[in-house]
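K.L.:
I am attaching a structure below and will ask some questions about it afterwards.
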Amino acid sequence: MPPTVEQLGGDWDGSNVHDDHVDFLRDTRRLPTADKVEVRLAPAKEIRPAPQEGERVVFRSHFLRGFGLPVSAFFRSWLEFYQLQPHHLTPNAVVLLSAFVTLCEGYLGVLPTLELWGESFQSKLGTRTKGVPAHTGAFIASRRSAADNPFPVITLIQSVKKWQKSYFYVRNIAPWGDYINLPAYVAGPPVGRLPQWSFRAVTLSQAGNAAIARLRVMVQSEGLTGPDLLAAFVTRRVLPLQSRPHLICQMSGQLDWSRMCTKEMPRHEVAYMVNYLPNCQLTEEWQFGKEPYSRANPPPTVCSPCLFFSLSQPCCRASLGRL
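According to the working numbering, the sequence shown is numbered sequentially starting from 2.
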């Protein structure tokens, strides 16, 4: 099978982001208010990002797939562990990350960890030509294909064309606090496929085993599907990769502070948005296989409080023993 556009990466070709795009991102709480985060659009003749001091490079395409500022502690630690920049992530990688966080927070009732990510996903280096890493989209994430992987299948779009042209700049100007929480921009591709890209714990922790066992039950006996994970964060109007006051399973209705908007999204709009993210092909009459949990309907406990604490930590320095 030939490589997709996302796998090839491609060169920078300027930015097509304009003020209306930024206004939409602010109105939907994907971007903090102007008194906290300053936005600068790329100059018309600029070909590749050239951030000024203190600026970070972000992508409108990522914001539409579950990314938001400030980014969550998990997403920041995930970037640091894999030594990645936002421009190394394809839109499909952002979709998978958002689905993964939704599974952990909305269905398992735990914070996401690298241990659980490594158990469900693998990665490879996207190249422009043989042996030459792509400048953009070089981190290709995919679900592990092993028969015993219970993470629900999500059929991804073959490619998202010209997503690299959706970049712009943000700078934290809040008098206190970091409302971006991204690492400083480093131009260029990853240095290569690093050893930690193969991360999978040699042996799962007790908490990790409990979470995987619970996931297997939800998939095999309770109807959980891949599209459910995407529909869950779309209907809840929440951004999985954004810092929030509580887990998705602890949300409490239309006035919840984690939401982007207090209005309910009509069912046909949910179907449209979920189909925009991956290739789910939901109809306007779609139904959840399994709905996410909430404060009124909390998830069953999958581990003891002490194990929950260990599961909620990064757990990112484990041996890279399984592939």
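We put the beta carbon where it would ideally sit given N, CA and C, even for glycine.
Hey, Phe60 and Tyr168: beta-carbon distance below 8 Å or not?
P.N.:
The residue you call residue 60 lines up with position 59 of the sequence shown. The residue you call residue 168 lines up with position 167 of the sequence shown. Yes, the Cβ-Cβ distance between Phe60 and Tyr168 is below 8 Å.
K.L.:
Taking DSSP as the reference, what is the three-state secondary structure of Ala208?
P.N.:
As a position in the sequence shown, residue 208 is number 207, starting the count at 1. Helix at Ala208.
K.L.:
Give the secondary structure of Val40 by DSSP, where H, G and I count as helix, E and B as strand, and everything else as coil.
P.N.:
As a first step, residue 40 is located in the sequence shown; it is residue number 39 there, counting from the start. Residue state, collapsed to three classes: strand.
K.L.:
Among residues of its own chain, excluding the 5 on either side of Thr5, which ones have a beta-carbon nearer than 6 Å to its beta-carbon?
P.N.:
To locate residue 5, count along the sequence shown from 1; it is residue 4. Caution is warranted here: a pLDDT of 43 is assigned to Thr5, below 50, making its placement in the model unreliable, and the coordinate value is therefore given only provisionally. Gln159 and Ser160.
K.L.:
Between which two residues does the beta strand (DSSP E) containing Thr128 stretch?
P.N.:
Position 127 of the sequence shown holds residue 128. Thr128 -> beta strand (DSSP E) spans Thr128 to Thr130.
K.L.:
If I measure Cβ to Cβ from Trp164 and keep anything under 7 Å in the same chain, skipping five residues before and after, which residues do I get?
P.N.:
Reading the sequence shown from its first residue, position 163 is the one you call residue 164. Contacts found: Phe60, Ser62 and Pro92.
K.L.:
DSSP three-state call for Gln221: helix, strand or coil?
P.N.:
Looking up residue 221 in the sequence shown gives position 220. Residue state, collapsed to three classes: helix.
K.L.:
Go through the segment 225–270 residue by residue and report every complete run of the alpha helix (DSSP H) that reaches 4 residues or more, in order.
P.N.:
Taking only runs of at least 4 residues, the alpha helix (DSSP H) segments lying wholly in the segment 225–270 are 227–236.
K.L.:
Can you grab the Cα-Cα spacing for the pair Ala272 / Leu242, in whole Å?
P.N.:
For the purposes of this step, residue 272 is identified with residue 271 of the sequence shown, where counting begins at 1. For the purposes of this step, residue 242 is identified with residue 241 of the sequence shown, where counting begins at 1. Using only the alpha carbons, I get a separation of about 21 Å.
K.L.:
Would DSSP call Ser16 helix, strand or coil?
P.N.:
Translated into positions along the sequence shown, residue 16 becomes position 15. Three-state result, Ser16: coil.
K.L.:
Taking contact to mean at least 3 C-beta pairs separated by less than 8 Å, is the segment 130–146 in contact with the segment 31–39?
P.N.:
They do not touch, by the three-pair rule.
K.L.:
DSSP state of Asp21, grouped into three classes?
P.N.:
Start at 1 with the first residue of the sequence shown, and residue 21 comes out as number 20. Asp21 falls in the helix class under three-state DSSP.
K.L.:
Report buried or exposed for Gly227, applying the criterion of at least 16 other Cβ atoms within 10 angstroms of its Cβ.
P.N.:
One-based indexing of the sequence shown puts residue 227 at position 226. Under this definition Gly227 is a buried residue.
K.L.:
Report the three-state DSSP secondary structure of Ala319 (helix, strand or coil).
P.N.:
Counted from its first residue, the sequence shown places residue 319 at position 318. Annotation note: pLDDT 35 at Ala319 (below 50); position unreliable, no value reported.
K.L.:
Just to confirm the assignment, what range does the alpha helix (DSSP H) spanning Asn150 have?
P.N.:
In the sequence shown, counting from the first residue as 1, residue 150 sits at position 149. Unbroken run through Asn150: none, as it is neither H nor E.
K.L.:
Between which two residues does the alpha helix (DSSP H) harbouring Tyr83 extend?
P.N.:
What you label residue 83 is simply residue 82 of the sequence shown in a count that begins at 1. Start and end: Ala74 to Tyr83.
K.L.:
Which first and last residues belong to the alpha helix (DSSP H) in which Ser99 is found?
P.N.:
Locating residue 99 in the sequence shown gives position 98, counting from the first residue. Unbroken alpha helix (DSSP H) run through Ser99: Pro92 to Thr103.
K.L.:
Should Arg31 and Met219 be called a contact, given that it needs their Cβ atoms to be closer than 8 Å?
P.N.:
The count along the sequence shown starts at 1 and reaches residue 31 at position 30. The count along the sequence shown starts at 1 and reaches residue 219 at position 218. Against a cut-off of 8 Å, the Cβ pair of Met219 and Arg31 comes out as no contact.
K.L.:
If I'm right that Cys250 touches Pro301 with Cβ under 8 Å, what's the distance once you round it to whole angstroms?
P.N.:
The residue given as residue 250 occupies position 249 in the sequence shown. The residue given as residue 301 occupies position 300 in the sequence shown. Actually they do not touch by this definition, with Cβ atoms about 11 Å apart.
K.L.:
Grab the span of the beta strand (DSSP E) containing Ser143 for me, first residue to last.
P.N.:
As a position in the sequence shown, residue 143 is number 142, starting the count at 1. It spans Phe140 to Arg144 - the beta strand (DSSP E) in which Ser143 sits, taken as one unbroken run.
K.L.:
Tell me which residues share the same chain as Arg172 and place their Cβ nearer than 6 Å to its Cβ, disregarding the 5 neighbours each side in the sequence.
P.N.:
Within the sequence shown, residue 172 is the residue found at index 171, counting from 1. So the list reads Glu39, Gly55 and Glu56, once near-sequence residues are dropped.
K.L.:
With respect to the beta strand (DSSP E) encompassing Arg172, which residues constitute its N-terminal and C-terminal limits?
P.N.:
Taking the first residue of the sequence shown as position 1, residue 172 is located at position 171. Its beta strand (DSSP E) spans residues Tyr168 to Asn173.
K.L.:
Decide if the segment 69–87 is in contact with the segment 107–122; the criterion is three or more beta carbon pairs, one per stretch, under 8 Å apart.
P.N.:
Enough Cβ pairs lie closer than 8 Å, so yes.
K.L.:
With distances taken from CA atoms, which of His269, Thr137 and Leu183 is nearest Glu1?
P.N.:
This structure cannot settle anything about residue 1, because the visible part of the chain is limited to 2 through 324.
K.L.:
What is the DSSP secondary structure of Phe64, counted as helix, strand or coil?
P.N.:
In the sequence shown, residue 64 corresponds to position 63, counting from 1. Here Phe64 sits in helix by DSSP.
K.L.:
Exposed or buried, Val58, counting other C-beta atoms within 10 Å across all chains shown (16 or more means buried)?
P.N.:
One-based indexing of the sequence shown puts residue 58 at position 57. Buried, because 16 or more other Cβ atoms sit within 10 Å of the Cβ of Val58.
K.L.:
List the whole-angstrom C-beta distance separating Leu97 from Phe122, where the pair is believed to meet the contact cut-off of C-beta under 8 Å.
P.N.:
Stepping through the sequence shown from its first residue, residue 97 is reached at position 96. Stepping through the sequence shown from its first residue, residue 122 is reached at position 121. So it is a contact: roughly 7 Å between Cβ atoms.
K.L.:
Exposed or buried, which one is Gly67 when buried takes at least 16 other CB atoms within 10 Å?
P.N.:
Position 66 of the sequence shown, counted from the start, is the residue given in the question as residue 67. By the 10 Å Cβ count, Gly67 comes out buried.
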